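Q: Numbering (the working numbering), first residue to last: 1 to 387.
Here's a structure for you.
Below, the structure written as structure tokens:
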């Protein structure tokens, strides 16, 4: 079991620190505490998180304990990793509301009986001034400013919030609080995870081994999957949305999605990838719905997609509704519905003829009327309900 887990980790991870040490611990049959931290900055976990959640489940199946940290304190700061600007500060109420949904969503993959869950406010909110000073004293400012996102902002004359400097310290202290043996994350988390090793040393603990895994690009095919960019597939979304969004991914992403998040065995993955792109995406879409909602939901989602997009039929009862204010334009509706990441992208879609009402193409600045169904691109339908 130890060797098979190691082979899986080695095949999927982009980097492992320290690989020889971790392999030896697995060979000795040590029981490891494997940590993953997730900040509830939005209410949904998306399929990009399946990359690391599947790894955690493999660790559970090999007998190890998964320690899931929901960053209900660190989310108040916002992770600066990969950011060219300071994140908007969330309120405690927003963070708490988002955090409530995380556990149930994560348990679609993880075994709750073998998952240890903590909100990091349990220890970070209790540190006090003396505890914070001790924590900050474990590293230098130069070390913090080595991180690429901070260095880039400073070089370009962009602000770095003083509170953002606390983020890597707080994430590192999570590893101290739960005595993590291993921590995993995406490639954008490498600095934070390495930082955790140093802070653990400062508190007299053995440094955690770390593994970073690939980030999954979103449905736009260019940027990492993110709710704020409108390019995500939420794992708790309705089956038809998961199916339809998966069918919209660019062809070059098919292999990465199949390899990283399908949950299929390698030989089954090879079978999907041997198909023509359209058929491969259909097989992938059905598999994602199947693993998140079950076989019946996958079959219905496939039938609905076929009826809607191959035959041009629309089930009016299945069109999602969005409440909007009077005077809302087509572009505003697309942004509020999460179809477009920005007003300019919504305008571009309309200018290219990709938005229609009752079969007629519409301009970006057309005002939406109550009850109208707007079609965006090939697969998205939104019914406007004007307040």
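All C-beta atoms in this analysis are idealised placements derived from N, C-alpha and C, irrespective of residue type, glycine included.
Keep in mind the model is a prediction, meaning the values are calculated, not measured.
What separation, rounded to the nearest whole angstrom, lies between the Cα atoms of residue 273 and residue 355?
A: Rounded to whole angstroms, the gap between the alpha carbons of residue 273 and residue 355 is 32 Å.
Q: Between residue 109 and residue 33, which are expected to be in contact by the criterion C-beta below 8 Å, what is the C-beta distance as a whole number of angstroms?
A: The pair is not a contact, with the Cβ atoms about 18 Å apart (cut-off 8 Å).
Q: Tell me which same chain residues have a C-beta within less than 8 Å of the C-beta of residue 284, skipping the five on either side of it?
A: 246, 254, 257, 258, 262 and 272
Q: Cα separation between residue 84 and residue 48?
A: Bear in mind that the predicted position of residue 84 carries a pLDDT of just 45, short of 50, making it unreliable; the figure below should be weighed with that in mind. Taking the straight line joining both Cα atoms gives about 21 Å.
Q: Would a C-beta distance cut-off of 8 Å place residue 106 and residue 45 closer than the cut-off?
A: yes
Q: Would you mind sorting residue 64 into buried or exposed? The rule is 16 or more other CB atoms within 10 Å of its CB.
A: buried
Q: Please report the distance separating the alpha-carbon of residue 196 from that of residue 242.
A: So the alpha carbons of these two residues sit roughly 35 Å apart.
Q: Roughly how many angstroms separate the alpha carbons of residue 352 and residue 217, rounded to a whole number?
A: 24 Å
Q: Check whether the segment 320–329 and the segment 360–378 are in contact - that is, three or more C-beta pairs closer than 8 Å.
A: Contact holds between the segment 320–329 and the segment 360–378, because three or more Cβ pairs, one in each stretch, are under 8 Å apart.
Q: From the DSSP output, in three-state form, read off residue 225 for me.
A: coil
Q: Is residue 374 near the ligand PLP, judged by its Cβ being under 7 Å from some heavy atom?
A: Looking for the ligand PLP in the displayed structure turns up nothing, as the structure carries no ligands at all.
Q: Could you tell me which whole beta strand (DSSP E) segments of length 3 or greater appear in the segment 95–172?
A: Under the rule that a run must span 3 or more residues, the beta strand (DSSP E) segments found entirely inside the segment 95–172 read 115–119.
Q: I want to know whether the segment 162–174 touches the segment 132–140 - three or more CB-CB distances under 8 Å.
A: yes
Q: With burial defined as no fewer than 16 other Cβ atoms inside 10 Å of the residue's Cβ, what is the status of residue 230: buried or exposed?
A: buried
Q: So, does the segment 376–384 touch the segment 335–349, judging by three or more C-beta pairs under 8 Å?
A: With the cut-off at 8 Å, the segment 376–384 and the segment 335–349 touch.
Q: Is the beta carbon of residue 390 less than 8 Å from the beta carbon of residue 191?
A: Lying before the first or after the last residue shown, residue 390 is absent from the chain, which here runs from 1 to 387.
Q: Taking C-alpha atoms, which residue in 345, 363 and 375 lies nearest to residue 320?
A: 375
Q: Between residue 162 and the rest of its own chain, which residues show a CB-CB distance below 7 Å, the 5 nearest in sequence each way excluded?
A: In its chain, beyond the 5 residues on either side, no residue has a beta carbon closer than 7 Å to the beta carbon of residue 162.
Q: Counting only beta-carbon atoms, is residue 254 nearer than 8 Å to chain B?
A: The structure shown has no chain B; it contains just one protein chain.
Q: In terms of DSSP beta bridges, what is residue 183 paired with?
A: 35 and 210
Q: For residue 221, which of 235, 233 and 249 has the nearest alpha-carbon?
A: 249
Q: Output the residue ranges of the alpha helix (DSSP H) runs that lie fully inside the segment 316–382 and measure 4 residues or longer, sorted by chain position.
A: 330–336 and 343–351
Q: DSSP beta-bridge partners for residue 68?
A: 36 and 117
Q: Are residue 72 and residue 95 close, meaning C-beta to C-beta below 8 Å?
A: Contact flag set, yes.
Q: May I ask you to list the residues that DSSP assigns as paired with residue 14?
A: Paired residue(s): none; residue 14 is not in a bridge.
Q: Ignore the nearest five residues each way along the sequence and tell me which others in residue 244's own chain have a CB closer than 7 Å to its CB.
A: Take residue 244, set aside five residues on each side of it, and the residues of its chain with a beta-carbon closer than 7 Å to its own are 305 and 379, in chain order.
Q: Check this for me: beta carbons of residue 90 and residue 41, under 8 Å apart or not?
A: Going by C-beta atoms, residue 90 is nearer than 8 Å to residue 41.
Q: To the nearest angstrom, how far is the alpha carbon of residue 209 from that of residue 173?
A: 15 Å
Q: Could you check how far apart the C-beta atoms of residue 116 and residue 67 are, in whole angstroms? I think they sit under 8 Å.
A: 5 Å
Q: Just verifying my parser: in three-state terms, what is the DSSP assignment at residue 265?
A: coil
Q: Where does residue 83 sit, in a helix, a strand or coil, going by DSSP?
A: Per-residue confidence for residue 83 stands at a pLDDT of 49, beneath the threshold of 50, marking its modelled position as unreliable; no derived number is given.
Q: Report yes or no: do the segment 281–297 and the segment 343–351 share at least 3 C-beta pairs separated by less than 8 Å?
A: no
Q: Using a Cβ-Cβ cut-off of 7 Å (strictly less than) and excluding sequence neighbours within five positions of residue 364, which residues of its own chain qualify?
A: 329, 330, 331, 346, 347, 350 and 351
Q: What are the boundary residues of the alpha helix (DSSP H) that residue 277 is part of?
A: 277–293
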